[in-house]
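Report on the following structure.
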Amino acid sequence: MAPSQCFALAARPVVQKVSTSLGVRPAALATNAGGVVQLNLTDKQTAFEVEIWESDKLSVSHQQLQLAAYTAPAIELSPLTATTKLSLLLRVRTADSAEGLLVELFLCTPPTEEGKPREMRKLNMDFVPCRFGKIKAGAPPTLRTHWVSYDRANMCVKYGRGFHMEQTTDYSWSLRGQVDGEEARQLFGTAAKPMSVTTSPPLTVQPAHDGADDGRPPVQLFRLPMTRNPPPKVKDSATLTLADLDDPQYTFSADLPPACQVLYKNVAGADMKLEGELAAAISYSIATEGCLLYKKLQEKDTDFGYLRVTLGSDNGYGPGIPYVLEIWPGNSRSPIHNHGNVCAVIKVLHGNIRVDVHNMLAQELADLGHHHHAAGDPAAAATTSATPTDGGANDTAPDADPSRVPGPADRTGHPPQPLLTVPLYAGDVTWMDPNWYQCHQLINEATDRGNFCATIQCYKYDDSDQLVWPGFDYLKPGQDEVFLFHPDSDFSFGDMRDKVLTEYRTRDQKRQ
Numbered sequence: 001m002a003p004s005q006c007f008a009l010a011a012r013p014v015v016q017k018v019s020t021s022l023g024v025r026p027a028a029l030a031t032n033a034g035g036v037v038q039l040n041l042t043d044k045q046t047a048f049e050v051e052i053w054e055s056d057k058l059s060v061s062h063q064q065l066q067l068a069a070y071t072a073p074a075i076e077l078s079p080l081t082a083t084t085k086l087s088l089l090l091r092v093r094t095a096d097s098a099e100g101l102l103v104e105l106f107l108c109t110p111p112t113e114e115g116k117p118r119e120m121r122k123l124n125m126d127f128v129p130c131r132f133g134k135i136k137a138g139a140p141p142t143l144r145t146h147w148v149s150y151d152r153a154n155m156c157v158k159y160g161r162g163f164h165m166e167q168t169t170d171y172s173w174s175l176r177g178q179v180d181g182e183e184a185r186q187l188f189g190t191a192a193k194p195m196s197v198t199t200s201p202p203l204t205v206q207p208a209h210d211g212a213d214d215g216r217p218p219v220q221l222f223r224l225p226m227t228r229n230p231p232p233k234v235k236d237s238a239t240l241t242l243a244d245l246d247d248p249q250y251t252f253s254a255d256l257p258p259a260c261q262v263l264y265k266n267v268a269g270a271d272m273k274l275e276g277e278l279a280a281a282i283s284y285s286i287a288t289e290g291c292l293l294y295k296k297l298q299e300k301d302t303d304f305g306y307l308r309v310t311l312g313s314d315n316g317y318g319p320g321i322p323y324v325l326e327i328w329p330g331n332s333r334s335p336i337h338n339h340g341n342v343c344a345v346i347k348v349l350h351g352n353i354r355v356d357v358h359n360m361l362a363q364e365l366a367d368l369g370h371h372h373h374a375a376g377d378p379a380a381a382a383t384t385s386a387t388p389t390d391g392g393a394n395d396t397a398p399d400a401d402p403s404r405v406p407g408p409a410d411r412t413g414h415p416p417q418p419l420l421t422v423p424l425y426a427g428d429v430t431w432m433d434p435n436w437y438q439c440h441q442l443i444n445e446a447t448d449r450g451n452f453c454a455t456i457q458c459y460k461y462d463d464s465d466q467l468v469w470p471g472f473d474y475l476k477p478g479q480d481e482v483f484l485f486h487p488d489s490d491f492s493f494g495d496m497r498d499k500v501l502t503e504y505r506t507r508d509q510k511r512q
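Okay, so the sequence shown: first residue is 1 according to UniProt numbering, each after it adds one.
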């Protein structure tokens, strides 16, 4: 191990188990109250440790160490961060490690100047974890996201995989009743919270770079600990009541991420709707053989049995044209897909639709017993995605309705299960950012083909987004790859509107 790495280990309250297989990344939690540490490792990192303790200083070195988490494989901790206080050590071995799966949290007492050795006390978890899948032997390295939440207010530590949500929390430890008053004071005080991340092997192997998630930095810090999910539906802050504040069932529009606030203001107005003659014309065109929308749906790839009608031009704010009217015929669905880690707002303009929220795509494949194979160049992945059938159990006849193809399934035929389901009706608004509700599948459960749903979807890169991924990553039925969809357009809005209205207004003439 390099000398700077040895020094880093010595500067924190950890003195044993120095190994050449370890790579150390010092940092600090985003705030003195805690937050979430997100580790974007590869499958090759089969073990890691996260240690958190309280500095003797209020804020002197906090920001310096936070920056180090993004830029340095190893860096000397400032003497100002050294402490004689207790620490919490999370030790994780993945299911792919030689020793097998192990997740433990320890309360650590540092060694004393008098020579008393370090002591580690294992803490009791709150509930049994979910299933952990193993990765296929010989597979290329793929990004795998782990997260740790440190919550000062609730004296709680949580660990999970993928997005940090209630549904992805695998382990939780409540320290109330497990630590005494002095121990709690040392662990959950008001000072800065330095931390270190140790991985085995070191963070030198790069992921395959075939999806937006592979562009995440090795360590990400989030200000808020994982307590509860923000609601997926949005309510305008100008209409809030005391009851809304007391028991929020919606995310308030003023609390949305800044990029989502811009989009919300543009599409949430009362006049943003689709009804009357245009709605009737769209339904007629979908259900009537030979009409514009009917023919277009027959041409669509099996993965995309809905229509994308673009509004405006590509101004670079998001992947493709940022405002899209999506038309969902009855009994249609999208593939399970993410949105390139952009912010988005979706409003239902007509009908209703079901939103199934999923975990990160690589995690979905791992939970199915699949591995996220490298699809190579994103452009090649996009070309591959045009294959109309998968040749497996989910294959369909050439004349099958292309929008009624089931989603990807494991080798027993079971599709990925959503983390949660959100029903949306006309007028409802939902949102997403890089962590919240980023990956989903939309399903119109109506059996009548003409009973369509229309949504306005709008996308915007966050100001801090340097990757600016050009499209959406998605899963294909029966395949264990992540493919890239470059946002396209079936019609411009003006062109579609004029043609379906003409069809509808002249329908009686066609019958004669």
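By construction, the Cβ of each residue, glycine as well, lies at the ideal position given by its N, Cα and C atoms.
Query raised in the report: Met360: buried (16+ other C-beta within 10 angstroms of its C-beta) or exposed?
Result: buried
Query raised in the report: Taking the alpha carbon of Gln45 as the point to measure from, which residue in Ala454, Arg308 and Arg93 has its own alpha carbon closest?
Result: Answer by Cα proximity: Arg93.
Requested in this report: Taking Cys291 as part of the alpha helix (DSSP H), name the residues at either end of that continuous run.
Outcome: It is not in any alpha helix (DSSP H) - Cys291 carries neither H nor E in the DSSP assignment.
Query raised in the report: Which runs of the alpha helix (DSSP H), 4 residues or longer, sit entirely within the segment 155-232?
Result: Secondary structure in the segment 155-232: the alpha helix (DSSP H) runs of 4 residues or longer, each lying completely within the stretch, are 181-187 in chain order.
**Report entry** Proximity of Ala30 and Arg216 at Cβ, strictly below 8 Å
**Finding:** no
**Report entry** Leu278 in three-state terms, based on DSSP
**Finding:** helix
Query - Pair within 8 Å by beta-carbon distance, Trp431 and Ala344 - result: yes
Report task. With a 10 Å radius around its C-beta and 16 neighbouring C-beta atoms as the bar for buried, classify Gly290 as buried or exposed. Result -> exposed
Query - is_contact[Asp367, chain C] using C-beta, thresh 8 Å - result: Given the protein chain composition of this structure (a single chain), no chain C is represented.
Query raised in the report: Taking C-beta to C-beta, are Ile327 and Phe452 nearer than 8 Å?
Result: yes
Query raised in the report: In chain order, what residues of the same chain have a beta carbon less than 6 Å from the beta carbon of Arg497, not counting five sequence neighbours either side?
Result: none
Requested in this report: Would you check if the distance between the CB atom of Ile456 and the CB atom of Lys296 is smaller than 8 Å?
Outcome: No, they are not a contact pair.
Report task. Using three-state DSSP, classify Lys85 as helix, strand or coil. Result -> Taken through DSSP and simplified to helix, strand or coil, Lys85 comes out as coil.
**Report entry** Range of the contiguous alpha helix (DSSP H) that encloses Glu113
**Finding:** Premise fails: Glu113 is in no alpha helix (DSSP H) and is neither H nor E.
Query raised in the report: From Leu245 to Lys233, what distance separates their C-alpha atoms?
Result: 15 Å
Report task. Could you tell me if Arg505 is buried or exposed, where buried requires 16 or more neighbouring beta carbons within 10 angstroms of its beta carbon? Result -> exposed
Requested in this report: Label Glu99 either buried or exposed according to how many other C-beta atoms from any shown protein chain fall within 10 Å of its C-beta, with 16 as the threshold for buried.
Outcome: exposed
Query - Straight-line gap, Lys499 to Ser492 (C-alpha atoms, nearest Å) - result: Rounded to whole angstroms, Lys499 to Ser492 spans 11 Å at the Cα level.
Query - Helix, strand or coil at Phe468 according to DSSP, with G and I counted as helix - result: According to the sequence displayed, residue 468 carries Val and not Phe. Three-state DSSP puts Val468 in coil, outside helix and strand.
Requested in this report: Just grab the DSSP bridge partners of His440 for me.
Outcome: His337 and Val357
Query raised in the report: If we count the other Cβ atoms within 10 Å of its Cβ and call it buried at 16 or more, is Tyr70 buried or exposed?
Result: With a pLDDT of 36 at Tyr70, under the threshold of 50, the modelled position of this residue cannot be trusted; read the value that follows with caution. Per the 10 Å Cβ criterion, exposed.
Query raised in the report: In whole angstroms, what separates the C-alpha of Ile321 from that of Leu240?
Result: 32 Å
Query - Asp126 versus Gly330: straight-line alpha-carbon distance, rounded - result: 43 Å
Report task. Please report the Cβ distance between Asp96 and Asp151, rounded to the nearest whole angstrom; I am assuming they are in contact, meaning their Cβ atoms lie under 8 Å. Result -> Contact between Asp96 and Asp151 is ruled out by a C-beta separation of about 29 Å, above the 8 Å threshold.
Query raised in the report: In whole angstroms, what separates the C-alpha of Ser200 from that of Phe48?
Result: 6 Å
Query raised in the report: Are the beta-carbon atoms of Thr198 and Pro230 separated by less than 8 Å?
Result: For Thr198 and Pro230, no; Cβs fall outside 8 Å.
Query - Where Arg161 falls, given that 16 or more other Cβ within 10 Å makes a residue buried - result: buried
Query - Spatial neighbours of Leu307 in its chain, beta-carbon cut-off 6 Å, leaving aside the 5 residues before and after - result: Once the five neighbours on either side are set aside, the close Cβ partners of Leu307 are Ile327 and Asp490.
Query raised in the report: Among residues of its own chain, excluding the 5 on either side of Gln509, which ones have a beta-carbon nearer than 8 Å to its beta-carbon?
Result: none
Query raised in the report: How do the segment 418-428 and the segment 347-356 stand: do at least 3 beta-carbon pairs fall below 8 Å, yes or no?
Result: yes
Query raised in the report: Roughly how many whole angstroms lie between the Cα atoms of Gln441 and Asn435?
Result: 16 Å
Query raised in the report: Since Pro225 contacts Val36 with CB under 8 Å, what's their CB separation in whole angstroms?
Result: 6 Å
Requested in this report: Kindly indicate the opening and closing residues of the beta strand (DSSP E) around Val342.
Outcome: From DSSP, Val342 is part of no beta strand (DSSP E); its letter is neither H nor E.
Query raised in the report: If you draw a straight line from the alpha carbon of Val179 to that of Pro194, how long is it in whole angstroms?
Result: 20 Å
Query - Opposing strand residues paired with Phe493 [DSSP bridges] - result: Answer is none; Phe493 lacks a bridge partner.
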